[in-house]
Each structure stands twice: as C-alpha cells, then as structure tokens.
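Notes to accompany the following structure.
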Amino acid sequence: MSNDICFLAEFDGGAPARSALELAAGAAGLARESGGAAVALAYGKGSAAGAASLGSAGASRVVVLADTDGPVIALAAAAAATLRDDAPLALLAPATPNGRDLAAALMGLLGLPALGPVRAVRIEGGRVRAEQSTLQGTVITVSESAPDAPQPVIILALSGTFTPLEGGSGKAAVTTAPPTDAGALGAARVVESHPADAAVANLEEATVIIAGGRGVGSAAGFEPLHELAAALGGAVGASRAAADAGWVPYQLQIGQTGKVVKPALYVGCGISGAIQHRVGMQTAENVVAINKDPDAPIGEFADLFVVGDLFAIVPELTTEIRRRKGMTD
Amino acid sequence: MKIVVCVKQVPATTAEKRYTADLRLDRAAAESVINPLDEYAIEQALRLQEAGAVETVAYLSMGPESAAEALRRALAMGGEEAFQITDDALVGADQWATARVLAAALDKLAPDVALMGMSSDDARGSLVPGAVAAIRGLPLLSYGAELQLTGSTARIRRLTASGFDILEAPLPVVASVTDQVGEPRYASLKGIMAARRKTLETWSLADLGLSSEDLHGAALTRVVEARPPEAKAPTERVENLGPAEAATRIADWLTARKLI
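In order, the protein sequence lines correspond to chains A and B. My numbering numbers the first residue of the first sequence as 1 and each following residue consecutively. My numbering numbers the first residue of the second sequence as 330 and each following residue consecutively.
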C-alpha cells in the first residue's frame, strides 16, 4: 500500500485532454497532503510521446497503459495490474463516459470503493473524504471508504473540480505498463466511424457554456449564442427542448438525460430552468440567465437574472465583450 | 434471444428528499418512480421484441420490498417476467455491492443482453454497467443511442463529438442506453391488467449464493455527513433595461468576477 494519488490521464488528438491536466493538479495537491506521489495512468493516441509533459501538470510518475484509441474499458486489466502493484490511496477518474467505464471496470475487477461525482476532495487524518451534491442537489454528503475497504478509493470528478497548474516545471518519470490480456472487456470494438461535417464542442471540458432553450426558437436562433460563445472562448449547450426540436445536436444537451457540466460560467438564454435541466448544470460556479419571462424558475437560482429579449441582448453583449477584450474581426 | 433490463426504483425527480438519522436517504418518505433513464432501456428492449429480434424481456431490480411496484410498472409497459432481489442485508448498498448482487443474479438468469439505463437519477455515478461487465467477464457496450441484435452479435450506435461510432461485441453482453433510443411508452390499461398476472419472483441474497460478508456489509463506502446545501447569495435581478444597458450590466458583472 502507498499514499500515492493516481489519476486517469486521457490523451486526445496527441495531447493531454483538459481532464488530464485538471486531475494532475488535483492529484498533486492531494499527494502533498498524503505524503505520496501523483501518478498518471495515461492512455490514448499520443500518450507515449506526451507522457513526460504531464510532469509540468503535476504528475511525478506516468505509467502509459496504451498508446491507442478505442474503447478505454479494454485497458482495465492493464490498469488493474498497475494499481494492484502500488495500491495507492486514491484513483481520480474523469466523470466522462470513457473515464466512468474504466473506473467502473476497476471497481468491479478489484472490488474497490467508489465515490462521486464529487464537488470537492480532501484528506483528513489520512483518509480521503469526498463531498458530493446528490439527489438533484437537495443534499450535500461527505463520504469515505469503509474501514478495511481495499485501496485505492475511486473518485469520479466532473470537469471543473480542479484547476490545471500554470507554469509548472516538474519532470515525470515515464514507464510503460506490461502487455496484459484484456479478456472479454477488450471484445467490444469500434467497427464503423461516421464523422459529421463539423465536430461539436466537448461540453464536458468547456469552462464557459452558453446554453439555449425553448426560447431560442430555431436552429438559426442559436447563431447569436455561437457568436457569444466564440467571444468568451466557450461552447454552446442546450436544454432538452432545444435538442429534441433538432435545433442543435443531441451531444449538446445538458440535464437529467444529457450531460452534467461544471463550467466556471454558464449563461442560460431562453431556458426556463426546469429541474430536469438544472440537475445538469447546478454545480456551475457562476450562472447568468437571460429570459423574457420574469417568473422563469431559473430566476430563482441564477446568480444574475436579466429579464429581457435574448435576441436583443446577446448580440449587444457579444459586441461589448469583444470590445473589452480588444478583439477585432 | 433474451434481454434482462435492470430497473432501479428512485425518488421522483421533483420529490422532496430527506435523510434518516443514520445518513441514508429516507426512501419511504419520497414518492418513487422507475429511474427515468431505465425507462429508455425498457423501451429499447420492447422495440427489439416487437421487431422480432428478442423472444423474452425480463426485468431485474434490487431494492426494498416496495420496489416491486417499479417492476409491476415495467411489466405493464410489456415484457414477460420480473425478478426482485430484496434482503435486509442490502440496506445502504453502494454501487460496488449493487453491481456484485446484480452480476450474481444475471449469472443465474443468463440473458443474451443485460440492459441498463446510462445512469441513475439519484446518485448519477454510471458505474454499475461497467462493473457488472467486469465482474461477469463480459463485453460492455455503453451509452448506446440504439441497440441492434443480429445473430450472435450486439451492436450499439454511440454518438461522438464528431458524429457517431458503431461498436460491436459477441453475445452475451452488458449494455447501457441513453435517452436517444426513443420515447418510453405509457402503460395501457390492458397492460396494467396483464401485469398483475405476470410472474414476479423474489430472491434473497442466499438465493444468489451470496452472504453479507461477501458484500463487506453492504458497502465499501460510507456517508459520514449529510447536510442541506449552503444557502446561496440571492439572485441579482436586472429588469427594465434597454438591450445595450443590460449588456453592459452583464459585462460589468463578468468583469468583476474576472470571467472576461
């Protein structure tokens, strides 16, 4: 057993995903408290070449599981072998579909405790404690592993739970996991890939989200939201009503049956704020709402609620933000 | 071809929630429903049955005795039979224990596809499908927008950031689906009547060859504190401003919080 804090480091397009940088910073912080090391389990195309770069993000060691794309759950056996050797205190996993599947397989293979998605993690008296917002945000719970439960405890973290380090200069020692038979978990394969004309933003990694709802009215109505998102360096999201109407792709849906996001800034435009949407965005740090209905439920929980016509206000806001940022066409 | 859909009874999205003195959700106090994400899994199974790809649709649920109600509701939507695992030793079960118990029950039922919703509405961990696959040593097809069954293989269409992928695995598999499979049907009056005559079998832990010790009590985790969320600062309301003035107010607010 060790006091190390491991984390899953996904590579995407040859570089560490934002989740990898966030979890590296989170693991480094926790490892300082626990007296262990921050250890990355890296996977995805580019992870072998890019592994050392995780040093500046906070990792002191990196184990490359596989430099390949494909269903990440296939790496469960290799990850399990690594965790069995080290038995670290905790394993941080991104609360993305891939991260959850790999974490789930590790929970099942090794019989590990799992907590999350968490909103904060700390170490108290040598134990990892995780704070969660559950039951549609009606209750905050603090949880830990049961006494005598095996290590590590798996912690699922939404994007935005930790902040990537800036200007880090650490070096990470890189090793490669020995080849492991993936077994049945390696049997699910991608047999066809159908890229769309234009990729949609990865909402789960966006730090600014401009979301549109029924009040946006049409696909064309989302255009000003895209312009505002571009000015703020963010992504566009939607309520289920807007996704079901086909105004935006389903991948942009936030809420009960869609994505759960935790951006630094969420701007809801023409979104009423029904509970089914709220559960997907209530952990956003700053919530601004623009709605012409003064009685919209989002007015009850937004930090700033502007009553007015989004089609008049959003373009003006985009212009104002571009002006303040000194952006030109 | 047989599908077993795993169904969880959860407090209704809008129900008021309370925790008991020993920090567990007071499930008796809240109005309960079938986990909304599981309804999509039920719908997917019934559509495959209607298309002739599946002979039997069965349901499996772990929970208190009152969770039989969720299984009756599922049977009213369609399908043939239901199995409920209920045992005092399972009170407070966490995701690991749930996966372990469902895996044992699924080993007994041996379906071609064990189908689940992508997430439960109360805890939202989404770990049970992957853990069940790992424990049973079966492939996982997760987050499907559609499940297809052909011969000896299962396929899902999974939406990606840039379109969609088709994933394939040899049967038997564990699969999970999203709300893209199609709107769940309502139970008809005829369906509700028919459900009363369908088999609903109840199993204890011992029936699955498991003991409380196998499950580390019922959990590898424990809640040490439960409290209401912090009161948030009151909403700042801006009304009756022209568009340019409203935009300036928002920009000032963002600037003050270093968001621009």
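Ideal Cβ placement from N, Cα and C applies to all residues, glycine included. Since we're looking at a predicted model, the values are computed, not measured.
- One Cα belongs to E409 of chain B, the other to T318 of chain A, and the distance between them is close to 56 Å.
- Here the alpha carbon of T349 of chain B sits roughly 29 Å from the alpha carbon of Y388 of chain B.
- The beta carbon of A359 of chain B lies closer than 8 Å to those of P340, A341, A344, E345, K346, R347 in the same chain, with the five residues before and after it left out.
- Taking C-alpha positions only, A27 of chain A is separated from L92 of chain A by approximately 7 Å.
- Listed along the chain, the chain A residues whose CB falls inside 7 Å of the CB of T343 of chain B are I275.
- Here V333 of chain B has A387, L389, L438, P440, A443 as same chain residues with Cβ atoms under 6 Å from its own Cβ, once five neighbours each way along the sequence are excluded.
- For E475 of chain B, no alpha helix (DSSP H) encloses it; the enclosing beta strand (DSSP E) starts and ends at 475 to 479.
- With its beta carbon less than 8 Å from one in chain A, K346 of chain B belongs to the interface.
- At a cut-off of 4 residues, not a single continuous stretch assigned as alpha helix (DSSP H) sits fully inside the segment 118 to 153 of chain A.
- Relative to T176 of chain A, the option among A:A81, A:L109, A:L102 whose CA is nearest is A:A81.
- Here K259 of chain A carries a strand assignment [DSSP, helix/strand/coil].
- Counting of Cβ neighbours within 10 angstroms places Y369 of chain B among the buried residues, the total reaching 16 or more.
- Of all residues in the segment 155 to 182 of chain A, only L156 come within less than 8 Å of chain B when Cβ atoms are compared, listed by chain position.
- Per DSSP, reduced to three states, the secondary structure at M406 of chain B is helical.
- Boundaries cannot be given for W247 of chain A, as no beta strand (DSSP E) includes it and DSSP labels it neither H nor E.
- At a cut-off of 8 Å between beta carbons, H194 of chain A contacts chain B.
- Chain B places a beta carbon closer than 8 Å to that of Y250 of chain A, counting this residue as a contact.
- Annotated as distal: E320 of chain A and A490 of chain B, with beta-carbon spacing of 8 Å or more.
- The beta carbon of A37 of chain A sits closer than 7 Å to the beta carbons of D4, A31, S60, R61 from its chain, once the five residues preceding and following it are set aside; these are given in chain order.
- Setting aside the 5 residues that flank it on each side, P113 of chain A is surrounded in the same chain by S145, A149, V153, each with a C-beta closer than 6 Å to its C-beta; the list follows chain order.
- The alpha carbon of E512 of chain B has as its nearest neighbour, out of B:I371, B:T584, B:C335, B:L549, the alpha carbon of B:I371.
- Membership of N291 of chain A in the beta strand (DSSP E) is indicated by the continuous run 286 to 291.
- For Q253 of chain A, there is no enclosing beta strand (DSSP E), as DSSP marks it with neither H nor E.
- Bounds of the alpha helix (DSSP H) holding M107 of chain A are 97 to 110.
- The beta-carbon of P440 of chain B is placed no less than 8 Å from the nearest beta-carbon of chain A.
- Restricted to the segment 473 to 539 of chain B, the alpha helix (DSSP H) segments that are unbroken, complete and at least 4 residues in length are 518 to 525, listed in chain order.
- Judged by DSSP secondary structure, M445 of chain B falls within the beta strand (DSSP E) whose first and last residues are 442 to 446.
- In the DSSP annotation of this structure, the continuous segment of the alpha helix (DSSP H) that includes K437 of chain B starts and ends at 424 to 438.
- Interface residue (Cβ-Cβ distance to chain B less than 8 Å): K259 of chain A is not classified as such.
- The alpha-carbon of Q151 of chain A is positioned some 9 Å away from that of D86 of chain A.
- Taking a C-beta cut-off of 7 Å against chain B, the contacting residues of the segment 89 to 110 of chain A are P97, R100, D101, A103, A104, A105, M107, G108, L109, listed in chain order.
- With its beta carbon less than 8 Å from one in chain A, Q509 of chain B belongs to the interface.
- Residue environment for V216 of chain A: buried (at least 16 other C-beta atoms within 10 angstroms of its C-beta).
- Within chain B, the residues L549, T550, R551 have their CB atoms less than 9 Å from the CB of S145 of chain A, given in chain order.
- When the beta-carbon positions are compared, A74 of chain A and G258 of chain A stay at least 8 Å from each other.
- With a threshold of 16 other beta carbon atoms within 10 Å, N569 of chain B falls short and is exposed.
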